[in-house]
Structures are given as structure tokens and as C-alpha cells.
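Quick notes on the structure that follows.
Number of protein chains: 4
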Amino acid sequence: MNIHSLSRDKKLKVTKRSNNDKYNRILEAAVKVFSTLGFFQSTVSQIAKEAGVADGTIYLYFKNKEDILGNVFSYKTKQVFDQFREEVNKAERAKDKLLSLIKRHLEEFERDKNLANLYLVETYQKVRTAEDQIKEMSKMYLDIISEIVKLGQNEGTIRTDLDITLVKRFIIGAVHEVIFTWVRSANDYRLSFVAEELVELIIKGIGTCDKRKK
Amino acid sequence: MNIHSLSRDKKLKVTKRSNNDKYNRILEAAVKVFSTLGFFQSTVSQIAKEAGVADGTIYLYFKNKEDILGNVFSYKTKQVFDQFREEVNKAERAKDKLLSLIKRHLEEFERDKNLANLYLVETYQKVRTAEDQIKEMSKMYLDIISEIVKLGQNEGTIRTDLDITLVKRFIIGAVHEVIFTWVRSANDYRLSFVAEELVELIIKGIGTCDKRKK
Amino acid sequence: MNIHSLSRDKKLKVTKRSNNDKYNRILEAAVKVFSTLGFFQSTVSQIAKEAGVADGTIYLYFKNKEDILGNVFSYKTKQVFDQFREEVNKAERAKDKLLSLIKRHLEEFERDKNLANLYLVETYQKVRTAEDQIKEMSKMYLDIISEIVKLGQNEGTIRTDLDITLVKRFIIGAVHEVIFTWVRSANDYRLSFVAEELVELIIKGIGTCDKRKK
Amino acid sequence: MNIHSLSRDKKLKVTKRSNNDKYNRILEAAVKVFSTLGFFQSTVSQIAKEAGVADGTIYLYFKNKEDILGNVFSYKTKQVFDQFREEVNKAERAKDKLLSLIKRHLEEFERDKNLANLYLVETYQKVRTAEDQIKEMSKMYLDIISEIVKLGQNEGTIRTDLDITLVKRFIIGAVHEVIFTWVRSANDYRLSFVAEELVELIIKGIGTCDKRKK
DNA sequence: GATGAATGAGCGTTCATTCAT
DNA sequence: GATGAATGAACGCTCATTCAT
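Chains as they are written, first to last, in the working numbering: chain P, 94 to 307; chain W, 94 to 307; chain E, 94 to 307; chain V, 94 to 307.
So this is what it looks like as C-alpha cells:
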């Protein structure tokens, strides 16, 4: 269980339960603050206040401001992503696996809107530490999709004339945008309820039956 | 043809030919710098240096740092988006219109990678000025998609059992992600060449023919 | 006893003994720098250096540059003015009260030449924060004079055919100018020693006994 | 007739009537702007706009910003002060001379409120160029008072037991404060009408007849 | 002479980070 | 470990002054 892997290099300063609690409070606060203001407009002081600790305390648990963001991704967000694989394994058929993946994805992000927002915002940002973490998670996600697509092709349920790379972007893009819209909206609908229709769109497309006669 | 509409309110200090050139040089420099570092990590000084002008000169053309970004969108990016509608009008059938739209979109962003990057980065950012501009452009884009979908439904080429809002997100998300991947890649392939396959995916989905028997 | 009342609104960040010292050091430094260069030509850096603190430290105790000046008046200068009333109360007769007031005024300003200078300079300046503070103190001073004059009129020692407003200006103007001259001079004489002669001038005027025969 | 004596050192750039007009327009504009905002908060651009000339034009007539202020005093304000002596000469007796002086002083400053304000503000400021000019004018004024007092002493109308330096400050301070009050008020009364009562105060003081029995 | 666009030094202010307590 | 006052580098922005036209 890797806790603050980034700040570890220097000294493993924090090990006790009670401190772990403080570590988590800071992380939670950071998610909230970062997601509201964005990384650059957020202040270490704000995070400290939100977490109920002194400014200086932050630096006992994190190397610097960037490291906080890094830990949010390597620890908090990663937890979420790690579950995706398990979830996918439970299903048998490609389509069901895809549905499981997306549904779980939407459910998790629905559960923590701040984290969802932060993930999206920072995905497109230029903060070195976070970038690497995100790339890693993104890659994991894309790999799962790859496997599902290949499985579907073997099943005969997914077309074989596809550029896998494109398909991956096609799916992940649609999912991201659906989440993004929800995050920036009034949230008066259940994000996860969209999963089925979205998967259907991905599988069938928007065209009608007779489209291939064209 | 309205140039630098945002900075005009206060005093239209600079209007002569030669100056328009300087206005554009700053804008171009800003696209480059902002897209490389992001808005908050970019420095007015960097933009000035990149544009080959003094720091103070920036403020003859723009109200402040945010205004530069605002102008990039209201002037430079908007130009691009304005062409989309024309392009779409040229085609007759829904599918062709969609192809035109996306192809043109990819072509334009391929032409100016920095602008493409900046657009994506700032779409997910929290910079007030830019946010409003982007929402406006985004809305225009979504409206075009709406029209295309409705046309297709009338033609009988697009399914009528669709949640239009979801479809719009589905399409725009896929396009964005494809562009994003290209921007962050080595760019050793032609972005616009992906258009046809992407549109096919959107229309037909990833499933095989017999999928509806399921 | 309210210390630094102005900067308190936001956050009372600093309250401990040791810090109060720093607050006062900055205030003292500000009086010196402001009085030497005037508000606008003074630099926050100069004040910081004079106080022996870092630039940023200033902002732990004051909201901004103007707030420093505001505090000089609301705290430091006000202390001085507050004593005037007490002093006046000790005397019985109008003339003695006037002498007490002016003597104390000169003594206090003689004690801190920088503060005296600053008060005079900023009285005629346009710095919002200071303006209000000064008006308040000025009003208090004028009120005291009013009371003294009325008392004298009841005693029969002060003429009743006077425009009180004019009298107030007449007195305060004379006092200010006397102080101003001393401040800008080599200070080789005792300012407070002038008090008696000045009061005599105010009471008797410059004319000779037989003047009213004219 | 010394025009812009300060900027003359470099090159006597301006000599034609038409330019003299421009010189005056700038001076007039400067009085207005400086008196409203104070020297340091005024902008050369503001003065140029107020005068209806280009920013650069200012520097054809004045060496720099300070020089504008210097010229306001050496040329415009000096004109006013020069008349005082003539005015005083017309009267015979000391008291009448004093009345003439103060009345004319109030009349002139009443005529140009901006100039009055500027004079007072800058008297207490630290702008080198202006300081010297003002000292010069101030000295002239004080000399006139000296002469009047001595004359009065010879006439037997003014007390001989006076410290002349103090008397001068006593008079000039009262006059300044009366003007200052008017400048900062709504100006709904005639400043010059105060002259007689003020002179009476200076001569007789605020005490009653029987005061010397005390 | 007149213009006003261009310059860049200089200042107020913020905030990540440190360190004495 | 925890604190939060202190630090000072860095940045956005202003404006007096210059100079090509």
C-alpha cells in the first residue's frame, strides 16, 4: 500500500495511524480545493485551512504543492481506477464488460464530484507530476478497453476492421465528455444512469439499420 | 471585420496597419506560450519576448493578461469556428455534413497545433474570460450537431430513439479526444486523415452487423 | 486599548507580544519613511528595510500600503490627539485651557518630529484612508476649540461677536504653521516654548491697546 | 517676462505666439489635474489630454513632469503673488495694507480654486522643484508682512513686544487655513468676504477689551 | 513642431516554502 | 510532530520618457 510515494524519497516521516489520518485529511482537502479553483489558483494555505492543519504541517506529509496533486492521483484516484479491472473481470461477454467498466466509471465519479472534476481538469493541464500519474492511469484504462475490444472481435460481436487506437480514443472521449458535462451542470440527473445508453451508442452508433446499404 | 473586439471598449488606441500587425504578433505569441505552459504558468514577459515587443507594449493592445487569452478565443479561435457552419452548409446529406464538420475541425486544428492545444487545455480550465468564450463556441458547435442529427432523422439515416444531448456529447467527446491524442503525440500522422474512420465509428458504432439480433 | 484596529477586520493573524513589537516597528518605520519622502514617493520596501523585516512581512500586519498610513493615524497619531482632551480638562478658565491645548500639542509634536511632519503633509494630501482619519482628528480638535471659545464667552473673556467657524480656523491655522515652520527648520529652538506667546497673540491680537479708537 | 524658465536651460524650443498658447494650455491643464489628484497621482497623459495635445508635446515645452509643476509656480502662481506688493503699496496705514494684502490674496485664490488648492497641497509636499519656488514666494509674502508690521509699529498701531517671525507665521497660517477650509468645502460662500473679519481677528485677537486687566 | 506608439524600470503584492519554538 | 510567522523571489501592471514618422 503505497502512501505518498513521492514524498518518500526524502524521509519517511509519517507512519502512525493518527498521522495517516492527517495525511488523508490533507488529501481530501486538496481534492476539494484543487477541483474548485484549479491547481494554480489554489493556495497551500487554503488546503491547510480546509484540512484543519497548519500550513507548515503540509510539508511534513508532502514535498511541495505539486507533490500534493501527485499524491491525489497516485493514491486517491488510483484507488478508483484499480477497481475498474476487478469490475470488468466479473463480466463474461465484451459488451457486458464494456458496460461494467463505464458504469463503474460513472458511478465512482458520481460519488465524488470534486475528484471527477479534478481528474478532468488536470488531464488537460501541464503539471508535470500529475501528468505522469494521469498518463499511467489512462494507459491502464486504455489497456482494459483494448482487451475488451479484442475479446469482442473473437466473440464476433465487435468489428474487426477497426483501428484499435482510434476506438480507444473514441470510447474514452465520449465517456470523459459525458462526465464533464455532468460536472459542470446542476447535477440534477444521475450520471451513472447514462451508462447503458452510452454503451449502446458506442456499439451501434447513431445510424439506422439500413445504413450499410448506403 | 472586427479586430480585437475585447480591448476596444476602453480606448481604441491602436488601429493603424502597422499596429494591427503587432496586435497579431502578440496574439500569435500568446497562443504559443499559453499552449506550451498553460495560462497560469505563462508570463506576460514571455509573451512579450516571444512577440518581440516590450512588456509594456502588451498593455497597449490588451487590458491585462486575461484579456490576451480572451482575445485569442474571441478573435483567433472564433475565426476557425465560424468557418465550420459554412462548411457544413455545402453538404446535402446528414452523414456528409457530419463528415464535413469533423474533417474541417481536424484540418483546422492540425494547421495550428498550438491553437488546438490551447483550446483543449482552456476548455477544462477555470479562467473566467476564456470560459465564457469557449462556452459560446462550444454551444455553436453543439447546435450544428443538433441540426445534423435532426436532418438525419428526417432522412431516415439516423436513429430517432436517441437522447440528443447525449449524442452531442458523444460526438464532441470523441472528436476532442482524438485531437488531444494527436496534440500530445509526436504528430507523425495526419490528424485530418482520421476523420472518415471516426465518422464511420460514430454512425455505425463498433458492433458488428448481427449485433441487433442479440 | 485597541491596537491596529484597521487591519483587524480580515484576519487577526498576529497578536502575540513579540509580534506586536513587529507591528510597532513597522509603524515607526513608516512614520519615518513617509514623513521623509511623502506617501507616494515612499516604497513598501523602504519601510520594510527600515523596520528590519522582509517585504512580505509588512502584509502580515497591514492590508496594503495605504493601510499602513491609515494605521499610523488611527493608532499612533490618535493616541496623541486623545490626550489633548484630558489636558484641557485640567484647566479651569478658557485662556488656560487654550494654553494647555496648544502647549500640549506643540510638546507632543516636538517629541516626534517625523510624526508631526507626516501629519502636516498628509493633512493636505489626497490619500483616502488618511483623509478620513485626519478629518476625524481635526474635528475633535475643532470641537475642543469650540468649547473653549464658548466657555470664554460665558466667562466674559472672549468676544461674543465672532464667527466661531472662522475663529477655529484662525487658531488651528496659526498652530499648524508654527509647527510646520519648526519642522522644516533646523529645529534649533524649542517648539513648545512658543506656546505662550502664540496664545497671547490669539487672545490679544497684534494691535495696540488704543486700536479700538480707530 | 520669463516663460518656462526651468526648461530653458536645454534649448529655447518655443518662441512663437501660437506655441506660447500651447504652453499656457498645458500649464492650465496641469493646474487642474494636479489640484484634483495631487502631483504624484496625476499622469502626464492626463495633463496632455486635458490640454488637448499629444503626450510627447508636453516634452517640447517642459523638461519633465516636475518641471511642469515648477512652471506652474514660477509662472502662473508667481503672477498672482507679484500683484500683492502693488496692492499693498496703494494703502497708507498698516492695517489697511494688511487688509489689502489678505483681501487680494483671498480674491485671487477665490478666482482660481484649482490653483489655490494646488498651492496649498504642494506647500506641504516634497517635490523639490516646487518646494524651492514656493519657498521663494512664501518669503516674498512674509517680507511684505514684515514691512507692514514694522510700519504699524512706527505708527503705534501694532504692538512692539512681538517676535516678528512668530507674527508672520501667525498671520500666514490663519490665512492658509481659511483658504484651505474654503477649498475643501462646498464653496457656497464668498471666500474674499471673510477678509475683514479675519484681519480684525489678527489685530484685536479673540479676547475682550478688559482682557489686559487680567 | 507635433504626434503617440513603444519602451522598460520600478513598485505593490502574493504565496510556496522554511524554521524557530 | 505541529505550528504559523517570516521570508523573498517572482509577477502583473503603470507610466514617465523617448523617438521614428
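C-beta atoms are modelled at their ideal positions from N, C-alpha and C, and glycine is treated no differently. These numbers were taken from a predicted model, which means no experiment stands behind them.
Interface residues of chain E facing residue i [CB-CB closer than 9 angstroms]
{"i": "Leu120/V", "result": "Per Cβ cutoff of 9 angstroms: no residues; Leu120/V is ~21 angstroms from chain E at best."}
Residues near residue i by beta carbon distance below 6 angstroms, same chain, minus five either side
{"i": "Ser128/W", "result": "Asn207, Asn210 and Leu211"}
{"i": "Leu284/W", "result": "Leu199, Glu203 and Trp275"}
{"i": "Lys158/E", "result": "Val137"}
{"i": "Leu191/P", "result": "Ile241 and Val292"}
{"i": "Ala311/E", "result": "Residue 311/E cannot be examined here, being either before or after the span of chain E that is shown, 94 to 307."}
{"i": "Arg262/V", "result": "none"}
N-terminal and C-terminal residue of the alpha helix (DSSP H) that residue i is part of
{"i": "Thr301/W", "result": "Careful: Thr301/W lies outside any alpha helix (DSSP H) and carries neither H nor E."}
{"i": "Ser231/W", "result": "Arg221 to Glu248"}
{"i": "Ile161/E", "result": "Lys158 to Asn164"}
{"i": "Asn207/V", "result": "Lys206 to Thr216"}
{"i": "Val268/E", "result": "Ile257 to Arg277"}
{"i": "Gly131/P", "result": "Segment: none, Gly131/P is in no alpha helix (DSSP H) and carries neither H nor E."}
{"i": "Gly149/V", "result": "Asp148 to Tyr154"}
{"i": "Phe174/W", "result": "Lys171 to Lys183"}
{"i": "Leu294/V", "result": "Ala288 to Lys297"}
Proximal residues of chain W, C-beta to C-beta of residue i below 8 angstroms
{"i": "Tyr217/P", "result": "Leu213, Val214, Thr216, Tyr217, Gln218 and Phe273"}
Chain W within 9 angstroms of residue i, Cβ atoms only
{"i": "Val107/P", "result": "Confidence at Val107/P is low in this model, with a pLDDT of 49, below 50, so its placement is unreliable and no value can be given for it."}
{"i": "Ile265/P", "result": "yes"}
{"i": "Val165/P", "result": "no"}
{"i": "Val268/P", "result": "yes"}
Sequence-distant residues of the same chain with beta carbon closer than 7 angstroms to residue i, five excluded per side
{"i": "Met233/W", "result": "Phe174"}
{"i": "Thr253/W", "result": "Gln246"}
{"i": "Ser135/V", "result": "Val126 and Phe127"}
{"i": "Thr170/W", "result": "Leu208, Tyr212 and Met230"}
{"i": "Ala122/W", "result": "Ile140, Glu143 and Ala144"}
{"i": "Glu180/V", "result": "Ser193, Leu194 and Arg197"}
Spatial neighbours of residue i in its chain, beta-carbon cut-off 8 angstroms, leaving aside the 5 residues before and after
{"i": "Val268/W", "result": "Ile195, His198, Leu199 and Leu291"}
{"i": "Gly131/E", "result": "Val214 and Gln218"}
{"i": "Lys183/W", "result": "Ser193"}
Where residue i meets chain P, residues with beta-carbon distance less than 8 angstroms
{"i": "Ile87/W", "result": "Residue 87/W falls outside the range modelled here, since chain W spans only 94 to 307, and no answer is possible."}
Beta-carbon neighbours of residue i, restricted to chain P and to distances below 7 angstroms
{"i": "Asp256/W", "result": "Glu290"}
Partners in chain V for residue i, counting only beta-carbon separations shorter than 8 angstroms
{"i": "Ala123/E", "result": "What Ala123/E touches in chain V: nothing, since even the nearest Cβ is about 16 angstroms away."}
Interface flag, residue i vs chain V, CB-CB below 9 angstroms
{"i": "Thr170/E", "result": "no"}
{"i": "Arg262/E", "result": "yes"}
{"i": "Lys188/E", "result": "yes"}
{"i": "Arg126/E", "result": "The sequence shown places Val at residue 126/E, not Arg. It does not; no Cβ of chain V falls within 9 angstroms."}
{"i": "Val137/E", "result": "no"}
Closer than 9 angstroms to chain E by CB, residue i
{"i": "Glu134/V", "result": "The amino acid occupying residue 134/V in the given sequence is Gln; Glu does not appear at that position. It does; some Cβ of chain E falls within 9 angstroms."}
{"i": "Gly245/V", "result": "yes"}
{"i": "Val181/V", "result": "no"}
{"i": "Lys307/V", "result": "Confidence at Lys307/V is low in this model, with a pLDDT of 42, below 50, so its placement is unreliable and the value that follows should be read with caution. Chain E, which has a Cβ nearer than 9 angstroms to the Cβ of Lys307/V, makes this yes."}
Contact list for residue i against chain E, beta-carbon separation under 7 angstroms
{"i": "Ile296/V", "result": "Gly298, Ile299, Gly300 and Lys304"}
From the options, residue whose alpha carbon lies closest to that of residue i
{"i": "Phe166/P", "options": "Glu185/P, Gly149/P, Thr216/P and Ala187/P", "result": "Thr216/P"}
{"i": "Gln226/E", "options": "Lys115/E, Ala144/E and Gln172/E", "result": "Gln172/E"}
{"i": "Asn247/V", "options": "Glu143/E, Ile151/E, Thr170/E and Gly300/E", "result": "Gly300/E"}
{"i": "Tyr282/P", "options": "Lys228/W, Tyr282/W, Arg178/W and Thr258/W", "result": "Thr258/W"}
{"i": "Phe177/P", "options": "Asp236/P, Asp148/P and Glu143/P", "result": "Asp236/P"}
{"i": "Leu327/V", "options": "Val124/V, Arg277/V, Phe273/V and Ile264/V", "result": "Past the edges of chain V, shown from 94 to 307, lies residue 327/V, and the structure says nothing about it."}
{"i": "Asn117/V", "options": "Val271/V, Phe133/V and Leu162/V", "result": "Leu162/V"}
{"i": "Asn113/P", "options": "Tyr168/P, Gly266/P and Lys188/P", "result": "Tyr168/P"}
{"i": "Val220/W", "options": "Leu120/W, Val124/W, Ile119/W and Phe133/W", "result": "Phe133/W"}
Chain E contact residues for residue i, given Cβ-Cβ distances below 8 angstroms
{"i": "Leu130/V", "result": "Lys219"}
{"i": "Leu259/V", "result": "Val271, Val287, Glu290, Leu291 and Leu294"}
9 angstroms Cβ cutoff, residue i in contact with chain P
{"i": "His198/W", "result": "no"}
{"i": "Val146/W", "result": "no"}
{"i": "Val242/W", "result": "yes"}
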